[in-house]
Each structure stands twice: as structure tokens, then as C-alpha cells.
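In my numbering, the protein residues as written are 2 to 316.
Virtual Cβ for every residue (Gly too), placed ideally from N, Cα, C.
Structure first, then comments.
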């Protein structure tokens, strides 16, 4: 069954039968990316939860395992209400609805002082997540929190991911392939930087403004939840800090330092961040290019923009 080709009414019937309730649904999320379908689920009176149907491999198990792990930890994340698979194997998750709006949708109307406070909260939340536990493996885990491949060596996981990303990218023979191949060779020359990563932490993998919910409390906007854990797995925490901190640093140094202040209430920044920065940024650009050309053209251009920073011919 190609669940992405179902109408909202067909999806509503599926969800209604699974929950054994009369419900209404409202699509949320980026359905046009064809990665998953997400709906607010409402009964006669209120929203009773968020229902997510997965389309890509290893997203459901990551999110279920992560939310199970975070349950009771004090992290501001949704609780699982139920999860399972349809008869055809399509994976689904029904989770708590948390009130709030995404930070990226409100950022332009919130005062700079309030944004600074929010970024300190965001840093705190990521510091709490990284500080919860270290793991004895890297990479994907199943819905019960067990390692799928039982890989203890991060460099093996990262190299495997990089090989898969580059294959997906170059199989498409895109217009910018020359630039992408140049940058792939630069990336390969940096891979020794991951050889020293020995400790595995929970890594959200998409800790950005579109996955941060905020709500107004006593006249001020505050962080209400972190959502979307489908990329979350035990990994190198520096990858995530680099993505958050240096992206902010390019935008607004005050916000970046507020994020760092919040984070370091729980965990210190690694001394290796600066030397790993180019590796993870370049890999991010190649990864974006590997999937976004058709599904998210504007985001693809962001990937190209990153690659041009590393090209010898960056005109």
C-alpha cells in the first residue's frame, strides 16, 4: 500500500479504526517531502494526540526508542500513547499533543531579548538530553532500544553513512555533480577526524527551530517541547552541537552564546568542536543534496551553498 497516495479521508478511516474512536484529523508537518504523514487528532472537544505514519526506513524505530527512553526523564518531549504496524507493515505512532507553535514560525515577531532566553532554554534541553546516558554502541536502534547492528566503532558507522549518502547522491547525476564530487573528495580527506570518537550519546539529529515548540506564558514565549525524534540515535554529540551552535553563530552571536550558556549548565562543549566543524558541515551539505533536489528544491540550494564554501572554485 502506498500510504502517501491515500486521501485524508482514507487516512482518517485508518486512524479511527486503530484508535477505535470517532475522530477528525488535521494534516500538519511537511507532507510534500514524502517522508511521513502527520496529523493532529481531535475528538468532539479537543486535540487528543498526534498520529504519525512513516514512509522511510529506520524512522519509526528511532522515534519510538527515543521517546521510550526519554519518558520520565524530565525532557520536554511527547509521551507515546500507542504504536504499531498496519497489516502491510506500514509503521505508525500515536503520541501526546503538546500545545505550542514552532519557533521558526514565530521568530520574527518575538523580541530579541525573549529569543535569547528561548535559546538558553534550548541549550539547556539539549544539554539535558546529552547528559542522560552514554551508550555502548553507535547508530540505529530498534523500537525496544536495542542496537540493530551492534557497532561499537563510530568511525565505522560514519563511514558507512557517508558511503550510502554519496551513492544516493551520485546515482542521480545532478547538474551540480562536479561540485559535489569535488566536495566528496574533500570529505574523504577529513574522515580521520571521527576515529577518536569513543563515547556515544543520544543525538536528536534534527534539533532545529522547526522542531522546537514555544508557547506564551505570563506574557513571555517559552520552550514547551522538542518534537520529531525520527533521526534520534546514539551518536557523536559534537555533530549536533556543531549544527546548532555554529549555525546560530553565523546568524546572531548573542543567540549562540545564550545557547552555549544553557548547554553548559549540564555538559561542557568539547575541545574538538572547531576541528570537526568543517567535516560535519560538509557532510551536511552533501546529505542535503542527496535527497532534496526534487522534494525540497529551496533546501537543495542550501546544500549547494554549503558545498560552495569548500570548493576551490567558489564563484
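Checklist line | Counted within 10 angstroms of its Cβ, other Cβ atoms place residue 60 as buried (16 or more) or exposed | finding: Here residue 60 refers to the residue found at position 59 when the chain shown is read from its first residue. Under this definition residue 60 is a buried residue.
Check: Is the beta carbon of residue 81 sitting closer than 8 Å to the one on residue 68?
Finding: In the chain shown, the residue the question calls residue 81 occupies position 80. In the chain shown, the residue the question calls residue 68 occupies position 67. In this structure, residue 68 lies closer than 8 Å to residue 81 by Cβ.
Note to self: Suppose you measure from the CA of residue 309 to the CA of residue 184; what does that come to, to the nearest Å?
What the structure shows: The residue you call residue 309 lines up with position 308 of the chain shown. The residue you call residue 184 lines up with position 183 of the chain shown. In a straight line, the C-alpha of residue 309 is about 9 Å away from that of residue 184.
Notebook entry, point to check: Where do the ends of the alpha helix (DSSP H) carrying residue 305 lie?
Noted result: Within the chain shown, the letter at position 304 stands for residue 305. Taken as a continuous stretch (DSSP letters only), the alpha helix (DSSP H) holding residue 305 covers 298–311.
Margin query: My output table needs one value for residue 198: the three-state DSSP class, helix, strand or coil.
Written below: In the chain shown, residue 198 corresponds to position 197, counting from 1. If DSSP states are grouped into helix, strand and coil, residue 198 belongs with coil.
Next item on the list: Enumerate in chain order the residues of its own chain whose CB-to-CB distance from residue 261 is below 8 Å, with the five nearest sequence positions on each side excluded.
Entry: On the chain shown, position 260 is the one that residue 261 refers to. 124, 246 and 270.
Notebook entry, point to check: By a C-beta neighbour count over all protein chains shown, 10 Å radius and 16 as the cutoff for buried, is residue 259 buried or exposed?
Noted result: The residue you call residue 259 lines up with position 258 of the chain shown. Buried, by the Cβ-count rule.
Next item on the list: Please classify residue 286: is it buried, with 16 or more other beta-carbons within 10 angstroms of its beta-carbon, or exposed?
Entry: Reading the chain shown from its first residue, position 285 is the one you call residue 286. Residue 286 should be labelled buried.
Check: So, using beta-carbon positions, are residue 141 and residue 149 closer together than 8 Å?
Finding: As a position in the chain shown, residue 141 is number 140, starting the count at 1. As a position in the chain shown, residue 149 is number 148, starting the count at 1. Yes, these two residues count as a Cβ contact at 8 Å.
Next item on the list: Give the secondary structure of residue 316 by DSSP, where H, G and I count as helix, E and B as strand, and everything else as coil.
Entry: For this step, residue 316 is matched to residue 315 along the chain shown. At residue 316 the pLDDT is 49, less than 50, meaning the model places this residue with poor confidence and gives no usable figure here.
Checklist line | From 12, 224 and 204, residue whose alpha carbon lies closest to that of residue 244 | finding: For this step, residue 244 is matched to residue 243 along the chain shown. Taking only the C-alpha atoms, the option nearest residue 244 is 204.
Check: Under a Cβ-count criterion, where at least 16 other Cβ atoms within 10 Å of its own Cβ denotes burial, should residue 189 be classed as buried or exposed?
Finding: For the purposes of this step, residue 189 is identified with residue 188 of the chain shown, where counting begins at 1. Classification for residue 189: exposed.
Next item on the list: Report all residues from its chain with a CB closer than 8 Å to the CB of residue 192; omit the five preceding and five following residues, and keep chain order.
Entry: The residue labelled residue 192 in the question sits at position 191 within the chain shown. Same-chain partners within the cutoff: 156, 159, 160, 163 and 280.
Checklist line | Backbone CA spacing between residue 14 and residue 91 [nearest angstrom] | finding: Your numbering for residue 14 matches position 13 in the chain shown. Your numbering for residue 91 matches position 90 in the chain shown. Each residue's Cα considered, the two are about 15 Å apart.
Notebook entry, point to check: Considering only residues of the same chain and omitting the five flanking positions on each side of residue 194, which have a CB-CB separation below 7 Å?
Noted result: For this step, residue 194 is matched to residue 193 along the chain shown. Result list for residue 194: 276, 277 and 280, in chain order.
Check: Got a sec, what are the start and stop residues for the beta strand (DSSP E) residue 248 sits in?
Finding: In the chain shown, the residue the question calls residue 248 occupies position 247. Note, residue 248: premise wrong, no beta strand (DSSP E); alpha helix (DSSP H) at 238–252.
Next item on the list: Evaluate residue 145 with the Cβ neighbour count: other Cβ atoms within 10 Å of its Cβ, from every protein chain shown; 16 or more gives buried, anything less gives exposed.
Entry: In the chain shown, the residue the question calls residue 145 occupies position 144. So residue 145 counts as exposed.
Next item on the list: Taking residue 45 as the reference, give the member of 24, 118 and 238 with the closest Cα.
Entry: The residue you call residue 45 lines up with position 44 of the chain shown. Here the closest residue by C-alpha is 24.
Checklist line | Through-space distance from residue 21 to residue 62, alpha-carbon basis | finding: Your numbering for residue 62 matches position 61 in the chain shown. Your numbering for residue 21 matches position 20 in the chain shown. Distance between the alpha carbons of residue 62 and residue 21: 24 Å.
Notebook entry, point to check: For residue 256, which of 66, 122 and 70 has the nearest alpha-carbon?
Noted result: One-based indexing of the chain shown puts residue 256 at position 255. Out of 66, 122 and 70, 122 has the C-alpha closest to the C-alpha of residue 256.
Next item on the list: In angstroms with no decimal places, state the Cα-to-Cα distance between residue 273 and residue 218.
Entry: Indexing the chain shown from 1 puts residue 273 at position 272. Indexing the chain shown from 1 puts residue 218 at position 217. Each residue's Cα considered, the two are about 38 Å apart.
Check: If you draw a straight line from the alpha carbon of residue 166 to that of residue 136, how long is it in whole angstroms?
Finding: The residue you call residue 166 lines up with position 165 of the chain shown. The residue you call residue 136 lines up with position 135 of the chain shown. Roughly 25 Å separates the two Cα atoms.
Margin query: Just to confirm my understanding: we take residue 239, look at its own chain, exclude 5 residues before and 5 after, and list those with CB closer than 8 Å. What are they?
Written below: Position 238 of the chain shown, counting from 1, holds the residue named residue 239. So the list reads 198, 271, 273, 274, 277 and 281, once near-sequence residues are dropped.
Checklist line | Neighbourhood of residue 206 by C-beta distance below 6 Å, restricted to the same chain and skipping five residues each side | finding: In the chain shown, the residue the question calls residue 206 occupies position 205. Here the set comprises 232 and 233.
Checklist line | Element boundaries [alpha helix (DSSP H), containing residue 125] | finding: Counting from 1 along the chain shown, the entry for residue 125 is found at position 124. Counting along the chain, the alpha helix (DSSP H) containing residue 125 begins and ends at 113–132.
Notebook entry, point to check: Which residues in the same chain have their Cβ closer than 8 Å to the Cβ of residue 288, if we skip the five residues on either side of it in sequence?
Noted result: Looking up residue 288 in the chain shown gives position 287. So the list reads 166 and 304, once near-sequence residues are dropped.
Check: Helix, strand or coil for residue 192 per DSSP?
Finding: One-based indexing of the chain shown puts residue 192 at position 191. It is helical.
Item checked: For residue 63, three-class secondary structure by DSSP -> Within the chain shown, residue 63 is the residue found at index 62, counting from 1. Residue state, collapsed to three classes: helix.
Next item on the list: Going by CA-CA distance only, name the one from 106, 139 and 58 that's closest to residue 30.
Entry: Here residue 30 refers to the residue found at position 29 of the chain shown. The residue with the shortest Cα to Cα distance from residue 30 is 106.
Item checked: Counted within 10 angstroms of its Cβ, other Cβ atoms place residue 201 as buried (16 or more) or exposed -> Numbered from its first residue, the chain shown carries residue 201 at position 200. Per the 10 Å Cβ criterion, buried.
Notebook entry, point to check: Residues in its own chain within less than 7 Å of residue 100 by CB, not counting five upstream and five downstream?
Noted result: Along the chain shown, read from residue 1 onward, the residue named residue 100 stands at position 99. Closer than 7 Å at Cβ, skipping near neighbours: 216 and 225.
Next item on the list: Report buried or exposed for residue 147, applying the criterion of at least 16 other Cβ atoms within 10 angstroms of its Cβ.
Entry: Taking the chain shown and counting its residues from 1, the one referred to as residue 147 is at position 146. Classification for residue 147: exposed.
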